[in-house]
Amino acid sequence: MLSGEGLTMRFGGIVAMAEVSFELRRGEILGIIGPNGAGKSTLLNIVTGIYRPSSGEVWLEGERLNGIPSHRIVSRGIARTFQSSRLFTDLSVLDNVIIGRHSRTRSGVFDAIFRRGRADRELAESAAIAEELLKGVSRDLFDQRHRAAGELPQADRRRLEIARALASEPKVLLLDEPSSGMDDADTDALMDDIRAICAARPELSMMIIEHDMRLVAALPHRVMVLDYGQKLADGPYEEIRRIPRVQEAYLGRKAAQHA
Ligand SMILES: Nc1ncnc2c1ncn2[C@@H]1O[C@H](COP(=O)(O)OP(=O)(O)OP(=O)(O)O)[C@@H](O)[C@H]1O
Numbered sequence: 001m002l003s004g005e006g007l008t009m010r011f012g013g014i015v016a017m018a019e020v021s022f023e024l025r026r027g028e029i030l031g032i033i034g035p036n037g038a039g040k041s042t043l044l045n046i047v048t049g050i051y052r053p054s055s056g057e058v059w060l061e062g063e064r065l066n067g068i069p070s071h072r073i074v075s076r077g078i079a080r081t082f083q084s085s086r087l088f089t090d091l092s093v094l095d096n097v098i099i100g101r102h103s104r105t106r107s108g109v110f111d112a113i114f115r116r117g118r119a120d121r122e123l124a125e126s127a128a129i130a131e132e133l134l135k136g137v138s139r140d141l142f143d144q145r146h147r148a149a150g151e152l153p154q155a156d157r158r159r160l161e162i163a164r165a166l167a168s169e170p171k172v173l174l175l176d177e178p179s180s181g182m183d184d185a186d187t188d189a190l191m192d193d194i195r196a197i198c199a200a201r202p203e204l205s206m207m208i209i210e211h212d213m214r215l216v217a218a219l220p221h222r223v224m225v226l227d228y229g230q231k232l233a234d235g236p237y238e239e240i241r242r243i244p245r246v247q248e249a250y251l252g253r254k255a256a257q258h259a
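With the first letter of the sequence shown counted as 1, position 42 gets the number 42 in this note's numbering; the numbers rise by one all the way through.
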């Protein structure tokens, strides 16, 4: 479905990513872990066209994505959430999801002024789809659909960001630390939501950057470990967690010897 080949990203003298290759299969969840500064967000930024890699290529279903601007990459089928919330806090929960459908709608300013009927019809259709989507992601969020997004508790904001990303009908969903700032109970609820999303969309592929090892152990089919911009390991969690270099990257050499 999605792959990266020899991805390298330099910022002046800093090599944030060095020759990283990866593959994501249809319907697969790939976890991405690594210490702070390992290059995890850089990888997501490359895949979504926010960063242009210094070298290497990104492919989606056999099409090369290099050089395609971010908004076009969304319409090709890659959606993401960010580490820090990027919701429209003054708008309602429902409006945030409707905005997420932007890449799937056609009406623009011209239609809104001169072809009002068509624009209104499309908006009503988007609202109906957004409501259904919210229901599917979280009944609780659906019940709050007319509240301002900024009034939601942190866990619901994260849910809403996922719902908004899903509104673009992606083939690949990228989640950047979805559980950050959540306690264990909220993380458990988030994992249930992600499972439900996957069950309803067996074709959807996901990449999840995470620090919470409970989530990393439970959800992804496979985990890729980055450290200093390099790929240290790639495999099922039960395998990669036993690799001494992975333990060192997380715990430090001394602690890893006792792990
Ligand atoms: N726009 C940029 N300009 C300069 N350096 C950058 C830029 N983006 C990332 N970096 C550097 O690249 C390296 C990798 O950063 P990145 O944010 O990808 O790490 P990360 O694994 O996502 O870390 P964290 O877990 O803290 O989010 C870091 O040294 C970072 O300072």
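All C-beta atoms in this analysis are idealised placements derived from N, C-alpha and C, irrespective of residue type, glycine included.
The model shown is predicted, which means the values in this text are computed figures rather than measured ones.
Return the chain-ordered list of same chain residues with a C-beta closer than 6 Å to the C-beta of Leu-175, the five sequence neighbours on each side being excluded. Thr-81, Ile-208
Contact check, Met-9 vs Ser-54, beta carbons under 7 Å: yes
Reduced DSSP secondary structure (H/G/I, E/B, other) of Asp-183: coil
TODO: Quick one: residues in its chain with C-beta nearer than 7 Å to the C-beta of Glu-61, no 5 flanking neighbours on either side, listed in chain order?
DONE: Met-1
Measuring from the CB of Ala-148, is there a heavy atom of ligand 1 at a distance below 6 Å? no
task = Determine the closest residue to Asp-227 out of Met-213, Gly-100, Arg-245, with distance taken between C-alpha atoms.
result = Arg-245
From Pro-184 to Gln-154, what distance separates their C-alpha atoms? Looking at the sequence shown, residue 184 is not Pro but Asp. Computed Cα separation, rounded: 13 Å.
Q: Ignoring anything shorter than 3 residues or poking outside the segment 13 to 56, list the beta strand (DSSP E) runs there in chain order.
A: 14 to 24, 29 to 33
- Query: For Gln-144, which of helix, strand or coil comes out of DSSP?
  - Reply: coil
field: Backbone secondary structure at Ile-243 - three-state DSSP
entry: coil
> Among residues of its own chain, excluding the 5 on either side of Arg-86, which ones have a beta-carbon nearer than 8 Å to its beta-carbon?
Replying inline: Glu-161
ask   = Under the DSSP definition of a beta bridge, which residues are partnered with Met-191?
value = Bridge partners of Met-191: none, in fact.
Any non-hydrogen atom of ligand 1 closer than 6 Å to Ile-33 Cβ: no
**Asked** Alpha carbon to alpha carbon, what distance is there between Asn-45 and Arg-64?
**Response** 16 Å
- prompt: Cβ of Ala-249 versus every heavy atom of ligand 1: is any distance shorter than 6 Å?
  reply: no
Does ligand 1 have even one heavy atom less than 6 Å from the beta-carbon of Ile-129? no
Three-way DSSP call (helix, strand, coil) for Leu-160 in this model: helix
(request) Determine the direct distance from the alpha carbon of Leu-94 to that of Ala-130, and round the result to whole angstroms. (result) 7 Å
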